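A quick write-up on the structure given underneath.
In UniProt numbering, the protein residues as written are 1 to 149.
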């Protein structure tokens, strides 16, 4: 097995095979595993920075990063996942750490707003995200809006 490689690219920098693997990973986790049919291709991929860990061209962890004013007034992170093969390796923590660092370096802010699945509230609080009290169902899954100052 080869080493884990981290990649970060704008939409225009993605190769077709990379984008295919990203969509496959998102569908495998969010649609198949979580049994949640939802419109994954939402028109935001083109505006996102894509951050992921891969091994042997398979995605282990992934997220999208947005500048201010795209999803929220603040920067944001979304479509956060760890694939089945990537679990138990602490990649989720590395992913969020890298995402926050990317936002701080590229967008010169530490303010980040996210929509977190409720079972991950404790996980995100580890990175300084706080529960805003705004709770809602998104695709029939309980979510909470969280904010990091």
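Ideal Cβ placement from N, Cα and C applies to all residues, glycine included. Because the structure is a prediction, the values reported are computed rather than measured.
Delimiting residues of the alpha helix (DSSP H) encompassing residue i
i: residue 92; result: 91 to 107
i: residue 10; result: Counting along the chain, residue 10 falls outside any alpha helix (DSSP H), though it belongs to the beta strand (DSSP E) covering 5 to 10.
i: residue 125; result: 121 to 125
i: residue 26; result: 16 to 26
Local conformation of residue i per DSSP, three classes
i: residue 46; result: helix
i: residue 135; result: strand
i: residue 141; result: strand
i: residue 129; result: coil
i: residue 78; result: strand
i: residue 54; result: strand
Exposure label - residue i; buried when at least 16 CB within 10 Å
i: residue 83; result: buried
i: residue 81; result: buried
Segment limits, beta strand (DSSP E) that includes residue i
i: residue 29; result: Residue 29 -> no beta strand (DSSP E), and no H or E assigned at all.
i: residue 62; result: 58 to 66
i: residue 115; result: 112 to 117
Integer Cβ distance of residue i from residue j, believed to fall under 8 Å
i: residue 121; j: residue 144; result: 6 Å
i: residue 76; j: residue 113; result: 5 Å
i: residue 111; j: residue 149; result: 6 Å
beta-carbon residue i near the ligand FAD non-hydrogen atom, thresh 8 Å
i: residue 65; result: Summarising the ligand content, the structure contains no ligands, and the ligand FAD is consequently not present.
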